[in-house]
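Trainee: Please find one structure pasted underneath; my questions will follow.
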Amino acid sequence: MALGILIVTLTACAGAGSGDSMPTMSEPHDFDKLWNYGDPAATEKLFRDKLAERSDADADYRAQLVTQIARAQGLQRKFDEAHATLDEAAKLITPKEPVAKVRLLLERGRVFNSSGSPDKAKPFFEDALKAAEAARADFYAVDAAHMLGIVTKGDASVRWNEKAMAMAEASSDERARKWLGPLYNNLGWTYHDAGEFEKALDLFQRGLKFRQAQKQEAETLIARWAVARALRSLKRGDEALAMQLELEKAHAAKGSADGYVFDEIAECLMLLKRDAEAKPYFAKAYAELSKDEWLKANEAKRLERLAELGGVQRF
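Residue numbers 11 to 325, in the working numbering, belong to the letters of the sequence shown in order.
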């Protein structure tokens, strides 16, 4: 599920998205538009520059911005620094800053989850959901519910993802509704991990349509990959291979390469008993994915397998 996470989902909370005219409190700040999740180090620098530039900003603005500095640190696996930064954000927050409190809870939970402690993360996401509901912050409420879908497993994960989808669909906040793409993806992976591949394929296809309708190019490529991955699990190897080869061409046209696509091409070829053709793709997959620090820390055996099947001399 690593690619799907690149990744991240309740019945609608009381009063949120219920059709009344009362506004929600999920509007983004200017710094939220600076996010580049593919380069968290550069994003952290942009956020720090913005913090210095807006030294006269109110406590709410500064606290929310500091939580995002912590998120960028967490994505760099600088977990101790991220927790220390969140401690600084906490000092800025008063009861007059309910959304800042929600974001603090969310990022604390994300740091714990990313550092391998989902059980520690879960209470923070539960508290974030309650606080977001109270603040009428639909976007962050759905975010909290989707994170609960990530840190729980099995039936609990399914329930949280379904509730988050219901919340997103019911909300009048367009930002909250945009969570539907990640939610289709996350629930699809939950079903896939449980071996329910037909259900997974249906959700991945719904996610692909959503991304295409939103004209989200990068996310559409990932959604196409997920559809092809489910097809391989259903032993529909020819269809899966054709989709992955098209993705290889799409990335090449952009001057890029995707190790996950190479990996899947190789696996599809293996499924189709074309082992000799698979070998160079396993090698290319290893060359790309071995650059990923998260994979090296969490899926070392997967990388070893790619190297072995690709005939890569590692030492």
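Glycine included, each C-beta is placed from N, C-alpha and C at the ideal position.
Under 8 Å, do M157 and L116 count as touching if we go by C-beta distance?
Mentor: A contact, by the Cβ cut-off of 8 Å.
Trainee: Give a yes or no on whether the C-beta atoms belonging to L231 and L257 are separated by under 8 Å.
Mentor: Yes, the Cβ-Cβ distance between L231 and L257 is below 8 Å.
Trainee: Would you mind reading off the limits of the alpha helix (DSSP H) that contains W170?
Mentor: G164 to A180 is the extent of the alpha helix (DSSP H) around W170.
Trainee: Please look up how many angstroms separate the CB atoms of D273 and L241, rounded, as I've assumed it's under 8 Å.
Mentor: Their Cβ separation, rounded to whole angstroms, is 15 Å, which puts D273 and L241 out of contact at 8 Å.
Trainee: Please tell me whether R81 has its Cβ less than 8 Å away from any Cβ of chain C.
Mentor: Absent from the structure is chain C; it holds one protein chain and no more.
Trainee: For A110, which of R284, Q83, E314 and R146 has the nearest alpha-carbon?
Mentor: Nearest option by C-alpha distance: R146.
Trainee: Whole angstroms are fine: how far does the CA of E54 sit from the CA of R284?
Mentor: The alpha-carbon atoms of R284 and E54 are separated by roughly 45 Å.
Trainee: Using 8 Å as the threshold, is the C-beta distance between R342 and L56 below it?
Mentor: Because the chain in this structure spans residues 11 to 325, residue 342 falls outside the shown range and cannot be described.
Trainee: For D268, is the classification buried or exposed, using 16 other Cβ atoms within 10 angstroms of its Cβ as the cut-off for buried?
Mentor: Its Cβ being crowded by 16 or more others within 10 Å, D268 is buried.
Trainee: Start and end of the alpha helix (DSSP H) containing S124?
Mentor: Start and end: P108 to S124.
Trainee: Excluding the 5 residues preceding and the 5 following Y201 in the sequence, name in chain order all residues of the same chain whose CB lies nearer than 8 Å to its CB.
Mentor: Closer than 8 Å at the Cβ level, and outside the excluded window around Y201, lie V168, F207, K209, A210 and L213.
Trainee: Use the C-beta contact count for D148: other C-beta atoms within 10 angstroms, 16 or more gives buried, fewer gives exposed.
Mentor: By the 10 Å Cβ count, D148 comes out buried.
Trainee: Looking only at its own chain, which residues have a Cβ that is under 8 Å from the Cβ of L279, when we skip the five neighbours before and after it?
Mentor: These residues qualify, in order along the chain: L251, D285, E287, A288 and Y291.
Trainee: Ignore the nearest five residues each way along the sequence and tell me which others in A51's own chain have a CB closer than 8 Å to its CB.
Mentor: Same-chain partners within the cutoff: A82 and Q86.
Trainee: Nearest to S266 by CA position, among K294, L282 and A276, is which residue?
Mentor: Measuring from the Cα of S266, the nearest candidate turns out to be K294.
Trainee: Got a sec? Which residues, its chain only, sit under 8 Å from L305 by beta carbon, not counting five neighbours each side?
Mentor: Cβ within range, chain order: A12, L299, R312 and L313.
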